[in-house]
Each structure stands twice: as structure tokens, then as C-alpha cells.
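>
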Amino acid sequence: MNFSIPPAPRNAVLFDLDGTIIRSHDGIIESIHAVLRDLGHEPDLSIDLTWVVGPPLRDLLGHILAHYGDDRVDEAMDLYRRHYEGGGMRKSPLFDGMRHVIETLHAGGTQLFIATSKPRYLARKILHLRGLSQYFDGLSGARADDSGAEKPELIAALLREHDVARNHALMIGDRRFDITGAHANHVRALGVLWGYGGRDELVAAGADALVSQPDELLQAIATQFELMAKHAA
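Numbering (my numbering), first residue to last: 1 to 233.
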């Protein structure tokens, strides 16, 4: 009788993009301000827009426009895409140390994925722009019209399409959406503090651990996979 033993599952790390790998705040805010001016509003610079990095685009633009008594969300989304693709996305440098983290994980055989609320085509462009495309085994993002941007569904799609075992997967992100999206799929999640969510948000979302700096991330990832292995034993 011929039979084969299936290979052991490989560990997989799912990364958020904005606020985790790339410092995207300036390009996003600049694009939002340009949209507001196009719609006839003078941006209120006293409003803290740090929170806009992470949520689905339609939700955040709707919230911002409401402040100006405006409900032209579809028009705002079209304008935003034009401004962001025209220049905003180029203002998205890597956080210091993240290239080393990604290269090290890839060299060690860990599967790497992106789970982002950004449209897939934009996320691919940014990875290419930053010279990171070759390190990732797959990418899950919103559709071109920004629909399908909810993290639980994006993470579920990655796990399913790439046959990733939940007990060998770890999500890394800076916002509550990353943590709750991972937990909805029974995946552990690390919250990173160099992004745009902050400690209180990540703790409230139930992050399995917090990481202060990119140079601490590799050890934190290793610790999480060790915990998974002990739990499975």
C-alpha cells in the first residue's frame, strides 16, 4: 500500500499594511484634505485625523464629511483615489526595522501575507514601490471599489485560499480591526505600538501581546509560535 505523510504546517504571519509596515499617515491625511478642498470645504486642521489609518475608506470618509454637513461619500471616494494614487501613496515609507523583520522571517521559511483594508491593487503597488513584493506569499485586500474591506473576511479569505492552519498563524497590526479580525478567525494577534491605534485601543481589543518597537518584533513572534506549539502538544 502506498501512502504519504502530509507535510507539517508552516508558520504563517499575516501583516496589516498601514501603520504596521508603512508609515502612511501623511499621505492619507494629505489626500483627505485635498478631497475636502475639492468638495468646497476648508479642512479643519484642529481635528485629529490619526484614527483614519485603518478603517474602511467609506466609513472614514463618511464620518469626516459629516463634520462638514456633507454626505457626498461616493464622490469623495473617487476623489480620494485620484489624489492618493497620484501622490499620497508615495508618501508611505517603511517603519525603521520592518524590512529586516520581513526579510528575516522570509529567509527562515515563514509564510508571509498581507491583510489590509486597502484595495488589493493599491497594496500591491505599495509593496512593489518599497521592494517587498517578493517576500509575500499572498495578499488579501478590499476590492477596487473599496468594498470587502472588513478584516474578519479578509483574514478568513487568506486562511482559506492558502490553506493556512489557524494554530500556525499570527496576525500583526496596529488597530483594533486587526486584533478583532484575527480573533474572529481563532487566530492569535500581536498589537504594535508604533502605528496609529495606541495601547488602550489594542488592549481593549484583546491583543494577545503588545510590541513597542520593530526591533522587538521577531522575538515577540517567536514567543507566540512557541506558545502555540506548547498548546498543541
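Glycine residues also receive a C-beta, built at the ideal position from the N, C-alpha and C atoms.
Check whether the segment 132 to 142 and the segment 39 to 51 touch, using three or more Cβ-Cβ pairs below 8 Å as the test.
With a cut-off of 8 Å, the segment 39 to 51 and the segment 132 to 142 do not count as touching, because too few Cβ pairs lie within range.
> Assuming Ile-172 contacts Asp-16 under a Cβ cut-off of 8 Å, what Cβ separation, rounded to an integer in Å, is found between them?
Your numbering for residue 172 matches position 172 in the sequence shown. Your numbering for residue 16 matches position 16 in the sequence shown. Contact flag correct, Cβ pair sits at about 7 Å.
> Taking one C-beta from the segment 96 to 106 and one from the segment 174 to 188 each time, how about it: are there three or more such pairs within less than 8 Å?
no
> In the DSSP output, which residue or residues are listed as bridge partners for Gly-191?
Locating residue 191 in the sequence shown gives position 191, counting from the first residue. Its beta-bridge partners are Gly-173, Leu-210.
> Within 10 angstroms of the Cβ of Ala-222, are there 16 or more other Cβ atoms? Answer buried if so, exposed if not.
As a first step, residue 222 must be located in the sequence shown, where it is residue number 222. By the neighbour-count rule (16 or more Cβ atoms within 10 Å), Ala-222 is not buried but exposed.
> Bridge partners of Leu-14, per DSSP?
Taking the sequence shown and counting its residues from 1, the one referred to as residue 14 is at position 14. Phe-113, Met-171.
> Please report the straight-line C-alpha distance between Met-1 and Asn-167, rounded to a whole angstrom.
Along the sequence shown, read from residue 1 onward, the residue named residue 1 stands at position 1. Along the sequence shown, read from residue 1 onward, the residue named residue 167 stands at position 167. Interpretation of Met-1 is limited by its pLDDT of 42, a score under 50 that renders its predicted location unreliable; the figure taken from the coordinates is listed afterwards. Going from the Cα of Met-1 to the Cα of Asn-167 covers about 31 Å.
> Where Glu-103 and Leu-129 are concerned, what is the direct C-alpha to C-alpha distance, given to the nearest angstrom?
Here residue 103 corresponds to residue number 103 of the sequence shown, with the count starting at 1. Here residue 129 corresponds to residue number 129 of the sequence shown, with the count starting at 1. Computed Cα separation, rounded: 16 Å.
> Is Pro-119 helix, strand or coil by DSSP?
One-based indexing of the sequence shown puts residue 119 at position 119. Looking at Pro-119 - three-state DSSP - the assignment turns out to be strand.
> Taking Thr-275 as the reference, which of Asp-208, Asp-174, Gly-109, Leu-36 has the closest Cα?
Outside the displayed span of the chain (1 to 233) sits residue 275, for which this structure offers no information.
> Once you ignore the five residues that flank Phe-113 on each side, which residues in its own chain have a CB closer than 8 Å to its CB?
Here residue 113 corresponds to residue number 113 of the sequence shown, with the count starting at 1. Excluding five sequence positions before and after Phe-113, the CB atoms of its chain that fall closer than 8 Å to its own CB belong to Ala-12, Val-13, Leu-14, Phe-15, Phe-136, Asp-137, Gly-138, Leu-139, Ser-140, Leu-158, His-162, Val-164, given in chain order.
> Can you give me the C-alpha to C-alpha distance between Tyr-121 and Ala-144, rounded to a whole angstrom?
In the sequence shown, the residue the question calls residue 121 occupies position 121. In the sequence shown, the residue the question calls residue 144 occupies position 144. Spanning the two alpha carbons is a distance of roughly 7 Å.
> Please report the straight-line C-alpha distance between Asp-215 and Thr-20, rounded to a whole angstrom.
Taking the sequence shown and counting its residues from 1, the one referred to as residue 215 is at position 215. Taking the sequence shown and counting its residues from 1, the one referred to as residue 20 is at position 20. Looking at the two C-alpha atoms, the distance is approximately 13 Å.
> For His-83, count the other beta carbons within 10 Å of its own beta carbon; 16 or more makes it buried, fewer makes it exposed. Which is it?
By 1-based counting over the sequence shown, the position of residue 83 is 83. With at least 16 other beta carbons inside 10 angstroms of its own, His-83 counts as buried.
> Which residue from Met-89, Ser-92, Leu-57, Lys-91 puts its Cα closest to that of Met-77?
If you number the sequence shown from 1, residue 77 lands on position 77. When each option's Cα is compared against that of Met-77, the closest is Leu-57.
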